[in-house]
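Colleague: In the UniProt record's numbering, the protein residues as written are 1 to 152.
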Amino acid sequence: MELVRSCITMDITELPYGKLGVSIKAKSTWTGRFSFSEGIATPTKKDPSVVMYKVNNKLPKVVNKYVPRLVNYYLPGSGYYQVLRTDYVNYAILYSCNDYGIVHSDLIWIWGRLKEMDAEMRSDIYGILAEYRLDSERLTLSKNANCTDDDE
1 MELVRSCITM DITELPYGKL GVSIKAKSTW TGRFSFSEGI ATPTKKDPSV
51 VMYKVNNKLP KVVNKYVPRL VNYYLPGSGY YQVLRTDYVN YAILYSCNDY
101 GIVHSDLIWI WGRLKEMDAE MRSDIYGILA EYRLDSERLT LSKNANCTDD
151 DE
């Protein structure tokens with residue numbers, strides 16, 4: 001998904017009962033238009049570093065009335081995410097792994113507070129990924145170099 005998006009920003013807000021509101025804004029590299037996505041992340045009771053994220057859908061109320069949990073669970077982006085490591089100042093490393101029978105996916109995100117991370121910080125993060133036996137060669141750098149403050 002991030003291969004066709006740039007200027008990605010995310011805002012996280014505290015909600016009641018320990019939940020987190022998540023708002024994502026991203027620019028399509030094909031059309032130049034922005035898309036917006038919102039959802040709710042709920043920490044699991046067993047391990048608060050693992051959250052269940054559900055995308056807020058914009059489907060008709062008739063559909064939501066009968067299959068809301070099923071629809072929300074399978075929307076792109078929904079699922080379990082784990083914060084593997086964070087320094088609470090500069091970065092957070094997130095990991096998600098899903099198995100849908102014949103299809104398996106595992107995803108890694110590196111969230112940074114700045115649009116660009118310097119090479120030293122990236123190297124440190126790649127070392128952390130190696131500790132978890134996650135291949136940093138799979139990562140792609142987000143296209144944020146030409147983003148302006150107006151894009152945020």
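Ideal Cβ placement from N, Cα and C applies to all residues, glycine included.
Only a predicted model underlies this, so the values are computations on that prediction, with no experimental measurement involved.
#1: Taking the alpha-carbon positions, what's the Ser35 to Ser142 distance?
#2: So Ala26 and Ile8 are supposed to be a Cβ contact under 8 Å. How far apart are they, rounded?
#3: Would you report the Cα separation of Leu114 and Asp47, rounded to the nearest angstrom?
#4: Use the C-beta contact count for Leu15: other C-beta atoms within 10 angstroms, 16 or more gives buried, fewer gives exposed.
#5: May I ask which residues mark the beginning and end of the beta strand (DSSP E) holding Lys107?
#6: Which residues in the same chain as Leu20 place their Cβ atom closer than 6 Å to its Cβ, once the five residues preceding and following it in sequence are excluded?
#7: If you follow the alpha helix (DSSP H) that Glu131 is part of, which residue opens it and which one closes it?
#8: According to DSSP, Leu20 sits in a beta bridge with which residue or residues?
#9: Mind checking which residues open and close the beta strand (DSSP E) that includes Cys97?
Modeller: This is what the structure gives:
#1: Here residue 35 refers to the residue found at position 35 of the sequence shown. Here residue 142 refers to the residue found at position 142 of the sequence shown. Each residue's alpha carbon lies about 16 Å from the other.
#2: For the purposes of this step, residue 26 is taken as residue 26 along the sequence shown, with counting starting at 1. For the purposes of this step, residue 8 is taken as residue 8 along the sequence shown, with counting starting at 1. Yes, Ala26 and Ile8 are in contact; Cβ-Cβ is about 4 Å, under 8 Å.
#3: By one-based count along the sequence shown, residue 114 stands at place 114. By one-based count along the sequence shown, residue 47 stands at place 47. About 28 Å.
#4: As a first step, residue 15 is located in the sequence shown; it is residue number 15 there, counting from the start. Counting Cβ neighbours within 10 Å, Leu15 comes out exposed, since fewer than 16 surround it.
#5: Residue numbering aside, residue 107 sits at position 107 when the sequence shown is read from its first letter. Residue identity check: residue 107 is Leu in the sequence provided, not Lys. Leu107 -> beta strand (DSSP E) spans His104 to Gly112.
#6: Taking the first residue of the sequence shown as 1, we reach residue 20 at position 20. The answer, listed in chain order, is Ile12 and Ala41.
#7: Locating residue 131 in the sequence shown gives position 131, where the first residue counts as 1. Its alpha helix (DSSP H) spans residues Ala119 to Glu131.
#8: In the sequence shown, counting from the first residue as 1, residue 20 sits at position 20. Paired residue(s): Glu14 and Ala41.
#9: Locating residue 97 in the sequence shown gives position 97, where the first residue counts as 1. Taken as a continuous stretch (DSSP letters only), the beta strand (DSSP E) holding Cys97 covers Tyr91 to Asp99.
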